[in-house]
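Numbering (our numbering), first residue to last: 279 to 482.
Ideal Cβ positions, reconstructed from N, Cα and C, are used throughout, including at glycine.
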Amino acid sequence: MIAPRQPPTSAALLEHYRGIAPSTLGHFGDEGYLRGIRPLFDGLRMLGNVVTVKVFAPDGAILRDALLLSEPGDVLVIQCVGDQECACWGELRTLAGLIKGLAGVVVEGAVTDVAALREHRLPVFSRGVSAYTTRGIGQHGEVNQPIEVAGVRVNPGDIAIGDDDGVFILDGQRAEALLPQLLANEELDRERRAAFLQRLASIG
């Protein structure tokens, strides 16, 4: 089943989250945290509206439809049903994602072509890596339907925010509600960091 791209979170709200770290969200609990989903390489920063994909391994054909439906700044969040060792994302799809202007990819499952993915630098988060891969059978798959990743319900149009520490998923309502506290916390952290660095410099 393929549904149209859902209305994204407002650009203004998304912009506020560009300066907020996932670990700041972690100060307020684990709701929306994707446990066990790790960055593929260091120095990642990801923020965007979610396009959901459900892949039924070993059939990965639905990812072509997801890429066609996505828009610049989107994050593909992929639930891989079935064999978790069957990688559904690799170099060619990463190149297609870069052409589309994706902000990142999150895979509940495995990815492949790791050296190439690290070279191309599209933010990719996954549960693991594998040399065994999906193929284009074209019989199953869903796009822009609710999915579950790492025990978290993910809806199309949600916000995905990730960096070296991991990934959080937020719906628009929760993102709005948390924003004042998150901004205040980030400001407090900046002040504390500056004070610590000043003291460190003084004893150096």
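Output the boundary residues of the beta strand (DSSP E) element that contains residue i.
i, result
"L400", "Per DSSP, L400 belongs to no beta strand (DSSP E) and is neither H nor E."
"V446", "Inspection of the sequence shows that residue 446 is occupied by Phe rather than by Val. Note, F446: beta strand (DSSP E), G444 to L448."
"I315", "From DSSP, I315 is part of no beta strand (DSSP E); its letter is neither H nor E."
"I437", "I437 to D441"
"A388", "G382 to V389"
"E426", "I425 to V427"
Spatial neighbours of residue i within its chain, please: CB distance less than 6 Å, with the 5 preceding and 5 following residues excluded, ordered by chain position.
i, result
"C364", "A335, P336, Y410 and T412"
"D361", "A335"
"T287", "N327, I437 and G450"
"R283", "L347"
What does DSSP give as the partner residues of residue i in its beta bridges?
i, result
"C358", "V333"
"D352", "N327"
"T411", "A365"
Among the options, which has the Cα closest to the Cα of residue i?
i, options, result
"A381", "A388, L373 and G387", "L373"
"G419", "Q357, L322, R323 and L291", "Q357"
"R399", "H294, I447 and R323", "R323"
Excluding five sequence neighbours on each side, which residues of the same chain lie with their C-beta closer than 8 Å to the C-beta of residue i?
i, result
"S408", "E363, C364, A365, A388, V389 and T390"
"A233", "Nothing in the structure corresponds to residue 233, since the chain is present only between 279 and 482."
Could you check whether the Cβ of residue i sits closer than 8 Å to any Cβ belonging to chain C?
i, result
"G321", "Looking for chain C here will not work: only one protein chain is present."
Considering only residues of the same chain and omitting the five flanking positions on each side of residue i, which have a CB-CB separation below 7 Å?
i, result
"G379", "P350 and G351"
In terms of residues, what are the limits of the alpha helix (DSSP H) holding residue i?
i, result
"R283", "Premise fails: R283 is in no alpha helix (DSSP H) and is neither H nor E."
"R431", "R431 -> not in any alpha helix (DSSP H); beta strand (DSSP E) instead, spanning V430 to V432."
"R342", "I340 to L347"
- Query: Okay, do the region 325-340 and the region 417-435 touch, 3+ Cβ pairs below 8 Å being the bar?
  - Reply: yes
- Message: Tell me whether the region 285-301 and the region 439-446 touch, counting them as touching only if at least three CB pairs, one residue from each stretch, are closer than 8 Å.
- Response: yes
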